[in-house]
Structure formats: C-alpha cells, structure tokens
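Residue numbers (UniProt numbering), protein chains in the order written: chain U, 1 to 204; chain G, 1 to 204; chain B, 1 to 204; chain X, 1 to 204.
Taking it in order: structure first as structure tokens, then the write-up.
There are 4 protein chains.
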Amino acid sequence: MAYQRSPLMQERLADNRQRILRSARRLVASGGFRAASISAVAAEAGLSTGAMYRYFPSKKDLFVEVLDEAVTHEVSILREIVDRPAPAIERLRAAVESFAARALQGPYLAYAFIAEPTDPEVEAARIVCRQRFGEVFKDVLRAGVASGEFPEQSVEVSAACIVGAFTEALVRPVAPSSKASDAHALIDAIADFCVRAARGNRSA
Amino acid sequence: MAYQRSPLMQERLADNRQRILRSARRLVASGGFRAASISAVAAEAGLSTGAMYRYFPSKKDLFVEVLDEAVTHEVSILREIVDRPAPAIERLRAAVESFAARALQGPYLAYAFIAEPTDPEVEAARIVCRQRFGEVFKDVLRAGVASGEFPEQSVEVSAACIVGAFTEALVRPVAPSSKASDAHALIDAIADFCVRAARGNRSA
Amino acid sequence: MAYQRSPLMQERLADNRQRILRSARRLVASGGFRAASISAVAAEAGLSTGAMYRYFPSKKDLFVEVLDEAVTHEVSILREIVDRPAPAIERLRAAVESFAARALQGPYLAYAFIAEPTDPEVEAARIVCRQRFGEVFKDVLRAGVASGEFPEQSVEVSAACIVGAFTEALVRPVAPSSKASDAHALIDAIADFCVRAARGNRSA
Amino acid sequence: MAYQRSPLMQERLADNRQRILRSARRLVASGGFRAASISAVAAEAGLSTGAMYRYFPSKKDLFVEVLDEAVTHEVSILREIVDRPAPAIERLRAAVESFAARALQGPYLAYAFIAEPTDPEVEAARIVCRQRFGEVFKDVLRAGVASGEFPEQSVEVSAACIVGAFTEALVRPVAPSSKASDAHALIDAIADFCVRAARGNRSA
DNA sequence: CATGAATGAGAATTCATTCAT
DNA sequence: TATGAATGAATTCTCATTCAT
Chain U
1 MAYQRSPLMQ
11 ERLADNRQRI
21 LRSARRLVAS
31 GGFRAASISA
41 VAAEAGLSTG
51 AMYRYFPSKK
61 DLFVEVLDEA
71 VTHEVSILRE
81 IVDRPAPAIE
91 RLRAAVESFA
101 ARALQGPYLA
111 YAFIAEPTDP
121 EVEAARIVCR
131 QRFGEVFKDV
141 LRAGVASGEF
151 PEQSVEVSAA
161 CIVGAFTEAL
171 VRPVAPSSKA
181 SDAHALIDAI
191 ADFCVRAARG
201 NRSA
Chain G
1 MAYQRSPLMQ
11 ERLADNRQRI
21 LRSARRLVAS
31 GGFRAASISA
41 VAAEAGLSTG
51 AMYRYFPSKK
61 DLFVEVLDEA
71 VTHEVSILRE
81 IVDRPAPAIE
91 RLRAAVESFA
101 ARALQGPYLA
111 YAFIAEPTDP
121 EVEAARIVCR
131 QRFGEVFKDV
141 LRAGVASGEF
151 PEQSVEVSAA
161 CIVGAFTEAL
171 VRPVAPSSKA
181 SDAHALIDAI
191 ADFCVRAARG
201 NRSA
Chain B
1 MAYQRSPLMQ
11 ERLADNRQRI
21 LRSARRLVAS
31 GGFRAASISA
41 VAAEAGLSTG
51 AMYRYFPSKK
61 DLFVEVLDEA
71 VTHEVSILRE
81 IVDRPAPAIE
91 RLRAAVESFA
101 ARALQGPYLA
111 YAFIAEPTDP
121 EVEAARIVCR
131 QRFGEVFKDV
141 LRAGVASGEF
151 PEQSVEVSAA
161 CIVGAFTEAL
171 VRPVAPSSKA
181 SDAHALIDAI
191 ADFCVRAARG
201 NRSA
Chain X
1 MAYQRSPLMQ
11 ERLADNRQRI
21 LRSARRLVAS
31 GGFRAASISA
41 VAAEAGLSTG
51 AMYRYFPSKK
61 DLFVEVLDEA
71 VTHEVSILRE
81 IVDRPAPAIE
91 RLRAAVESFA
101 ARALQGPYLA
111 YAFIAEPTDP
121 EVEAARIVCR
131 QRFGEVFKDV
141 LRAGVASGEF
151 PEQSVEVSAA
161 CIVGAFTEAL
171 VRPVAPSSKA
181 SDAHALIDAI
191 ADFCVRAARG
201 NRSA
C-alpha cells in the first residue's frame, strides 16, 4: 500500500542532510557565521530555502548540529590518540599534531569552532564544544602529572590554554607565505609549544 | 558661510566622539557585537542615531576604531612592561598577568577582541589587532631566546599561541565558581602556562 | 491503457474522500482553520499530501466542501424538525435545541461554521452556508406569522438574528463552569431566548 | 541642546499612529484579518513596513489595540445610553439601534469584531472584547428583570444572544438590495427582535 | 496511482543609513 | 547643527502545490 522508497531516494535524502551540514560547515569555515545565512547554505547545497526546514527545524538547530558533529568527530580521533599506552608527553604531542594537521588541510573544524555565531543558543553550543574539546587534553595532562612527566599545574586552565593556543595559531593568517612545507613547520612549532607548556623544565 | 568652531564646541565634539567609542566598547564587552547596534550605542552615549554619523562615517568605521583604540591602549601598557630591563622570563610573566588582570576586571578589551563582528571589514581589523598584540610577545620571546633563557623556537608561532592561550582561558566560562580569589589563581595558572611554554626545560 | 476501476478500489477511493473530509472537519472544529493545513489534514487522514490533490483540486475546494457537507447534514436534520406538523413555536424551539445540543457535544459544525477561513472563496462559502441555515428558520418564522403565533416581523432579519444568537452563545466561552448539567441549562436558555424573540407578547 | 520637536512634527507622529490604527481597522473591516498583513496596513497608511514597528512592537500588539480601541469606543457610547434613566426596554432598543446604525455606516467595528484573526493572542483579545460588549447588555437585562419589564431569564445567555444576533444580522450580506431606506428598516427589525427576545410576552 | 521531497512566493521583523525639520 | 522618523533590503520561517520515482 505504502510505496517503497527506492534505495536511490533514500540515498538522496541522506545525501541532502549531509550536503546541508557540509555546506554550512564550509560557509562558516570560509566566512564565519555571518556568511552562513539559510539562503546561502541552501544555495551552496543546491536546495531551496524551504527544503532546509525538512531537514532541520530551525537555523539554530542546524548550526548546533554542525558544531556538534564537527567536535564529535574531532574528539573521537583525539580520544583514540590520547588513550594509547604511551608516555603522556608523546600522546599530547600526537594529539596536537593530529588536530593541527587536519585543521590546516580541511574545512573540518577550525573556524566554525572559533567564529562567534549570531544566535545565543548556537553560541552556547559552541562553548560546550570547546569544553568537550578541552576534556581530552585535561585527561592527558592529568596522566602526565600523575606519572611525574609534567609538573603540578591547573589542568583545567592548561587544557583551555592549549585549545586556545593552537586554534589561534591555526586560524591566524600566518605571515605572507603558507606553502605545504610551512604547514609542517607550523604544526611542529605548535606542538612544541604545547609540549613545553605542559612539561615545563622536567628533563626529557 | 565660513564657520569658526569655538574651543568649547570643539571640546564637546571631542567629548562626544570619546563617549561614542566608550559606549561601543562597553556594549561589545558586555554582549558581543550582537549587542552593539548603532541605536544601542547612540542610546548608551546619550546621542541620537543621526549624530553618530557626524562622528563616524559608518558603523564599520566606528568599530574598526573601537578595536584599534582598545588594542593601542593595551599594547602600550604591555609594551611598557616588555621594554623594561629585566629577564625575559619575568617580563613575559608580568605582561601576561597584566593583561589577564585587566581583562578579568574591566571591559577594556577581552570580548571585543575575541568576539566575531558582523562586518567583514571589522573582522579584518580584529585580526590585525591580534597580530599587533602578538608583536609584543614576539619581542620578549626573541629577547629570551637571544639571552639563552628560552630555547630555540618559532617566536611567530609561540606568540600566536600565547595570545590564543590566554584569551581562551579568560573567556571560557571556567568551572562553577569565579570568586575574587579564583581570579588570582586563574591569572597565575595562565601565566605559569605561558612561561613554561616559552622556557621549556631550561633550568630556572 | 484503458483502466477498469474495481469495485473494491472505488470503495477505497470513496473511503479516502470521506476520511479527508472528516479529518478536515475535526481539525477545524478543534483549532479553527488555522490548524487545518493540508499536511495536518493529510496526517490526520493517514494519507500523503500528494494524495489530497487526487481527491480535491485545491485546499479551497476541500474546505468549501467541508462546509457544504456540514451544513447540508445539519440543515437536513433541522428541516425534518421544522417540517413536522406542530405549532411553529414548538418547531422553532425543537430546532434550536437540536442544533445547540449537537454543537455542544460534537465537532460536527459549530466552529467550522463560525471560524473565519484564510481563503476568501472559503469565506464566501461559509456565508452562503449561514444563509442556507437561515432559510430553515425563515420557514418556521413565516409559518408562525401566518398562523398568528408570531407577530409581524422581518423574517429575513429574525432568521439571521436567531442564527447569530445561538452560534455566539454557543461559542463564547461561557462563564467559569461548563459541566453537563450546565449544557442543558445553556440549551434551554438559548431556546427560550429565540422563542421569546419570535413570539413576542403573543399569549402562550 | 535637545532640539525642540515642532508642533507640526508632533502632529505627524500622532497622525501616523492613528493612521495605522485606522488603516488596520479599515482593512480588517473590508477583508478580514487575512487582508491585514503588515505590509498591506503600511501601504494603506502610506508608510514603510519598518515604520510600523516604531509605533507598534508587533503585529499582534497592533491588532489587540485595534480591537481594544474599537470596543472601548463602542462600549462607552452604549454605556451612556444604557445608564440613562428610562425604562429598560427603551434603553435596550436605543442601544441596539445605536450600535447597528454606526456599524452600518462606518467601518468602526462590525467585521473586525467578528472576523477571526490568525494570531491566537489577537483571537483571545477579540473574545474579551465580545465579552466586554456583552456586559453592557447584561446590565440592561438585569435592570429590566428587576423592574418586572422582562421575565426571568439567564441574562448571561441572553446578552450573548443579543450580541450574536445583531452582529450576524449586520454582517450577513442581506438580500439583494441595500439602499439607505433598507438600512433603517434593518436597524428597526434587529431592534425589534432583540426587544421581543428580552421582553417576551409581558404586555407593553 | 501514491508518495513525500522540493519548490518558491509571502509573511513578520530588524537595522544601518538618510534627510526633513 | 542635532534629531529621530522613515526607509527598504535582508533574514528566518511557513505552507499550498507540484512532480520524479
């Protein structure tokens, strides 16, 4: 009685939702939340504005999900790194490098994570995201302090500082040249910074 | 038609201009650029919206100047600290503490410096501000590396990281309590973080 | 390509049509025309929005028919009462009571009949409905005047007044309490009002 | 220091507010609330849509005020009639006639009072208006019952019926012809109806 | 023939900027 | 010169209707 939804159609639907999320992320990444009006996202995704509301009940919900998805994805990668059996120092470095490398090449997080949204509710979500992000770093820091690799410190504050440090360093349009080789150097420099900050004057 | 502007009038004009800038800064500090509409600033300054355009050709220009003024003020304070004859390590710590202390108590910079403005041109100005800000830290870092207090490092990147670290740590709504005593602890923790990052495992 | 419609199918089609009408009526009855969007009616009827257009060329046509059907049903009941061989006074009272009783308990007419639709064409239909409704009362009034039970009067106007009187009295959220016993009292009071209005000071 | 607002300007402002209210009323009267979009009202009033919001915080507020103003005006007139020292029967007739006469000639109340608004909050206001309206009639009815002019009856219900009766009779596009002479006849017929309903078979 | 995803016109609301007074 | 009323473009969201599957 009810028509079967063809696999093709099902795919299209899932595609649309993903395409919307991707378009939103891309627009935020390139021009901040200001560039991500509903009609801009719709155009980027090749849909009408009305269609947006089939997939997301409001602009707010769309962007909360954009943030959530981005951060969940990122955190899961970092978590995998951070939970490895290895010295805290190595895990911290690996996590920062991993994040930085991805941020530099793809539109996955970076700006969306930093740019301030117009909507207070989305802003709240963004802050939660940064905190979830910080949790990962708090864990390595705690482990390092426990193992004696890192000196006593406020892991709360240090985690926030690490997040701030590398997002700032990544987003800031760095100097005139930004070739591929520079990318590697930048990543290294950021990781070095964070590791030094965590370890202080403990001997290597 | 030639028009002599009386000294009294000139003063009033300058007053108004300052009042507008101050009002704009205050609004941004308390509610982000979202809260700083032309009419809100006008109301806060006790002027009409029309009058705003006598002092600033556009909203954009006003906020570019707000940022510029704020950062100039802040940088001049930090510059004074950073140019003192003292070990780089002490100067760095003093600079971070000075900034953090002011950010925590007053609406002077902080949010305006972090919040994303609505206007692309203002956004560009904000980035320039963060860079000007970074310059100060680059200078201490360079000095420290030269004197052997700090290890070799990309001072470019480290400066960016430092700016990112303390703005993030300051803005992030930290934990449940934020009493006055906490403020001091927070400032200390941030400064410790930055100093460790700069110095690494050089012995104290 | 010739296509025999099986009896079973015909029945299903008729069923759907009735189900749509019933759903539309129910929604209007409970939330006014506001609540009766095409998709709400479709959902209530267990059909797709697209299917609606197989049974009705437009939303407009659907609601014109909703009104028409409702009023036809109601008028046929009243007509039966009004055509009985009995004193006009009794017939009038019975008709008003009958309508009021049904309106109070069921979603058959009431609100759909009173609520203003969004569409001008539906609105026109609604007015026609009220007039068809008035016709019934005009007939009793005419009979009563002819028999001397009622004094001379503009039966046109009196009929309109009667219709207005009881719809208003029914819809108006009356006083605090509306228990079952109150329903009876309300119906009586409305009928009394209408009978007094029709009969005036003729002796009982 | 503050510029004096010229009397001319003050007048324009008050004018605008009144013009908006009048335009809104006119549009509702002629085409229901559906015809009274913000832009339609703005156009009718010779203003931009933006200007509307200088005078009314929202569409909702505008229409609540439209209703309130209309009903307050109308009720004050009726109240004056109803409070006169005269037999209840005369007062009732005069009140109905007064209302009907005004409704027929001007766009003052009528439809706005009957048409269902799109917005639930405005709808609530409309119902309150009808109740305030009913109060006036309840008072005369009570007086008449007390003086013995009217028989015992539910004045609550009777008042609602009276309001319903004359609004319906007035709005319903009556018959083919509606010349000036007909207006008088219509008013008389409505008043007769209401008086008969109130008085029943008490002898004149 | 049924489905429901997609469309797109239209509605309310906001706000930087202008200009008559 | 100062005022703030007026403008109008832009934004989010809704919903009747269509059409590919």
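Think of the CB as a built atom: it goes at the ideal place given N, C-alpha and C, for glycine as much as any other residue.
{"query": "Coil, strand or helix - L47/B by DSSP", "result": "coil"}
{"query": "Distance CB(T118/G)-CB(R34/U) smaller than 7 Å", "result": "yes"}
{"query": "Enclosing alpha helix (DSSP H) for N99/X [first to last residue]", "result": "Strictly speaking, residue 99/X in this sequence is Phe, with Asn absent from that position. Run containing F99/X: 88-105, per the alpha helix (DSSP H) assignment."}
{"query": "Within-7 Å CB hit, G32/U to chain G", "result": "yes"}
{"query": "Buried/exposed call for L78/B, threshold 16 Cβ in 10 Å", "result": "buried"}
{"query": "Inter-residue Cα distance where the pair is V64/G and F99/G", "result": "21 Å"}
{"query": "Beta-carbon proximity of C194/U to A165/G, cut-off 7 Å", "result": "no"}
{"query": "Beta carbon proximity, K179/U to chain G, threshold 7 Å", "result": "At K179/U the pLDDT is 49, less than 50, meaning the model places this residue with poor confidence and gives no usable figure here."}
{"query": "Proximal residues, the region 182-201 of chain G versus chain U, C-beta separation under 8 Å", "result": "A185, L186, A189, I190, D192, F193, C194, R196, A197, A198, R199, G200, N201"}
{"query": "Beta-carbon contacts of E69/G that lie in its chain and below 7 Å, excluding the five residues immediately before and after", "result": "L21"}
{"query": "Span separating the alpha-carbon of V171/X from that of L47/B", "result": "38 Å"}
{"query": "First through last residue of the alpha helix (DSSP H) which encompasses D119/B", "result": "Where D119/B is concerned, there is no enclosing alpha helix (DSSP H), given that its DSSP letter is neither H nor E."}
{"query": "Chain U residues whose Cβ lies nearer than 9 Å to that of S58/G", "result": "Here the premise fails: no neighbours, minimum Cβ distance about 16 Å."}
{"query": "Contact list for F166/U against chain G, beta-carbon separation under 8 Å", "result": "C161, G164"}
{"query": "The region 129-140 of chain U touching the region 77-94 of chain U, judged by at least three CB pairs closer than 8 Å", "result": "yes"}
{"query": "Contact with chain U by S154/G, beta-carbon distance below 7 Å", "result": "yes"}
{"query": "Cutoff 7 Å: A86/U Cβ touching any chain G Cβ", "result": "no"}
{"query": "Buried versus exposed call for D83/G [16 or more other C-beta atoms within 10 Å across all chains shown]", "result": "exposed"}
{"query": "Other residues of its chain near E123/U: CB distance less than 6 Å, five sequence neighbours each side excluded", "result": "P117"}
{"query": "N-terminal and C-terminal residue of the alpha helix (DSSP H) that F56/U is part of", "result": "From DSSP, F56/U is part of no alpha helix (DSSP H); its letter is neither H nor E."}
{"query": "Chain G contact for S37/U (CB, 7 Å cutoff)", "result": "no"}
{"query": "Simplified DSSP assignment, three categories, for Q153/B", "result": "coil"}
{"query": "For G164/X, the three-state DSSP class (helix, strand or coil)", "result": "helix"}
{"query": "T49/X burial status per 10 Å Cβ neighbour count (16 or more: buried)", "result": "exposed"}
{"query": "Under 9 Å (Cβ pairs) to chain U, residues found in the region 112-131 of chain G", "result": "I114, A115, E116, P117, T118, D119, P120, E123, I127, R130, Q131"}
{"query": "Proximity test, Cβ basis, 7 Å: A169/B and chain X", "result": "yes"}
{"query": "Pair within 7 Å by beta-carbon distance, A197/X and R19/B", "result": "no"}
{"query": "Alpha-carbon spacing of I89/B relative to A185/X, whole angstroms", "result": "25 Å"}
{"query": "Environment of R54/U [buried if 16+ CB atoms lie within 10 Å]", "result": "exposed"}
{"query": "7 Å Cβ cutoff, V157/G in contact with chain U", "result": "yes"}
{"query": "Nearest-angstrom beta carbon gap, E168/U and V163/G [assumed within contact, 8 Å]", "result": "6 Å"}
{"query": "Chain-order list of residues whose beta-carbon lies under 7 Å from that of I38/X (same chain, five-residue window excluded)", "result": "T49, M52, K59"}
{"query": "7 Å Cβ cutoff met for R91/G and V145/G", "result": "no"}
{"query": "Residue closest to E44/B, alpha-carbon to alpha-carbon, out of G32/B, R25/B, E121/B, P57/B", "result": "R25/B"}
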